[in-house]
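Asker: Residue numbers (the working numbering): 872 to 1302.
Even for Gly, the Cβ is constructed at its ideal location relative to N, Cα and C.
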Amino acid sequence: MRDAEIRELPQLIGQEVRVRGWLYNARSSGKLRFLVVRDGSGYLQAVVFKPSASETLWNDAERLTQESSLWVVGTVKEDGRAPGGVELGVSELGIVSLCPEYPITPKEHGPDFLLNNRHLWLRSKRQHAVMRVRNEIVFGIRDFFYQRNYVNIDSPILTPAACEGTSTLFSTDYFGDTAYLSQSGQLYLEPAAAAHGKVYCFGPTFRAEKSKTRRHLMEFWMVEPEVAWMHFDGLLDLAEEFVSSLVARVLDRCADELAWLERDVAKLAPAAERPYPRIDYGDAVERLKAKGFPAQFGDDFGGDEETALADDAGKPTMITRYPAAIKAFYMEPDPTDPARALAVDMIAPEGYGEIIGGSERISSYDKLEQRIAEHGLPRQAFEWYLDVRKYGAFPHSGFGMGIERVVSWMCGLSHLREAIPYPRMLNRLYP
Ligand code: 4AD
Ligand code: MG
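1) By how many angstroms is the C-alpha of residue 929 removed from the C-alpha of residue 1135?
2) Which term fits residue 1267, buried or exposed, when burial requires 16 or more other beta carbons within 10 angstroms of its beta carbon?
3) Report the option in 1131, 885 and 1109 whose CA atom is closest to the CA atom of residue 949.
4) Would a C-beta distance cut-off of 9 angstroms place residue 1123 and residue 1073 closer than the cut-off?
5) For the region 1095-1107 against the region 1212-1229, are there 3 or more C-beta pairs whose distance is under 8 angstroms?
6) Would you list the residues sitting across from residue 1191 in a DSSP beta bridge?
7) Per DSSP, what kind of secondary structure is residue 1158 in: helix, strand or coil?
8) What first and last residue would you give for the beta strand (DSSP E) that runs through residue 1087?
9) So, with DSSP's three-state summary, where would you put residue 983?
10) Taking 6 angstroms as the limit, name every residue whose beta carbon sits nearer than that to some heavy atom of the ligand MG, in sequence order.
11) Give the straight-line distance between the Cα atoms of residue 1190 and residue 1216, rounded to the nearest whole angstrom.
12) Would you list, in sequence order, the uninterrupted alpha helix (DSSP H) runs of no fewer than 4 residues that lie entirely inside the region 1053-1084?
13) With which residues is residue 965 paired in a DSSP beta bridge?
14) Of the choices 1079, 1052, 962 and 1112, whose alpha-carbon is the least far from that of residue 1018?
15) Residues in its own chain within less than 7 angstroms of residue 1171 by CB, not counting five upstream and five downstream?
16) Would you say the region 1172-1179 touches the region 1206-1214, given that touching needs at least three Cβ pairs under 8 angstroms?
17) Assess, as a yes-or-no matter, whether the region 1001-1018 is touched by the region 1035-1049 under the definition of 3 or more beta carbon pairs within less than 8 angstroms.
18) With DSSP as the reference, label residue 1307 as helix, strand or coil.
19) Going by Cα to Cα distance, which pick from 1150, 1045 and 1090 is closest to residue 1104?
20) Given 8 angstroms as the limit, is there contact between the region 906-918 and the region 953-971, that is, 3 or more CB pairs closer than that?
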């Protein structure tokens, strides 16, 4: 007799195994007691048959409560009607820990209650499916870059200065100095691109924006590639290849999870195919005006504008060449119009908003020095960043993608808070 995970059972028909897990639910029908056991790898219907069970076995099967931890021994049987196509004919049952009344029941709970119980909510079937999709996306990201010979270079989390703008930083005491939690690993990645050519970082990032929207978290995970010698057009191709390959991977490998989440995969499938529409910022403003938005050249787009732009195509849409004034200091000006930056935002369809922000980077020392001054940034803190332009300057480009936005979109969630195991939000730092 061996220990088995539930996911392996279809290969173990006829064998006696022990499965360890938690009681998901139970019901009785005459002489039968059906225990649905979950072990993280799947759900198993374990059946106790009264006439062949000892009194202890039957009583234990009856007193088990939701989420009690347990083990069952029995023979694996094929059963087309059972979840997973197999069931277990139970011969022995051990109660490891009898669970008191479990807070999360099949009835509806409000979001606050569920978030306060996030440590338990993670066990629920929907949340389980979301974390599986997240896991697939994370692994798909690493696989994508590994296959293309990128080197993973992680950036520090404790930093001395801002990257994306000073207003949104969390600060902490650093032995008498102030340190800031990183908003983006990009600045640290650019020097590594000179060392390795193609690099990426992937880690937690922090934004102290007092924003309550369903698209904002205070702590989120960002993946950022940075590529030496790559210009703006190459960057657009990379972003498109990256996102479409992740969508294809999730559609292929997470079909069960998407089904459980009731994701309309017909709406997701077009994003697995290239190309994605590319819209010049100026044309985007015109399109918005035509749709009745009060958009003006020079505006940054809000959520509603983004939704209107991406929904035309039903595919992620890339808005290019934003006004330099509304973008970060490090972005390369457009050679045909220096008031514009070689910047791109990729907007997901179905209202999921911006999933990627990126640009070609300024590669000239003088131009960057001037931008740092214009943005009122402390030059001394950026001396090392200027060195990347002093010692062998090179054209390079990169982008950042927040994975919770992508997980939300692929899973069809209504809020980013379910896309990360423990969300950090404006009024939430628990559990
Ligand atoms: O557009 P952002 O601010 O770009 C950067 O940080 C660049 N330095 C990236 C780079 O070029 N290497 O952020 C990038 C992405 C956004 O498109 C979005 O997906 C995500 O990070 N993001 C957030 N996700 C969740 N909550 C927030 N508050 C987010 N802010 C940005
Ligand atoms: Mg952005």
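Answerer: Per the coordinate set shown:
1) 42 angstroms
2) buried
3) 885
4) no
5) yes
6) 1151 and 1215
7) DSSP, reduced to helix, strand and coil, places residue 1158 within a helical segment of the structure shown.
8) No beta strand (DSSP E) holds residue 1087; DSSP gives it neither H nor E.
9) helix
10) 1216, 1225 and 1228
11) 5 angstroms
12) For the region 1053-1084, the full-length alpha helix (DSSP H) segments reaching 4 residues or more read 1057-1067 along the chain.
13) 942
14) 1112
15) 1197
16) no
17) no
18) In the structure as shown, the chain begins at 872 and stops at 1302. Residue 1307 is therefore absent and cannot be evaluated.
19) Of the listed residues, the one whose Cα sits closest to residue 1104 is 1150.
20) yes
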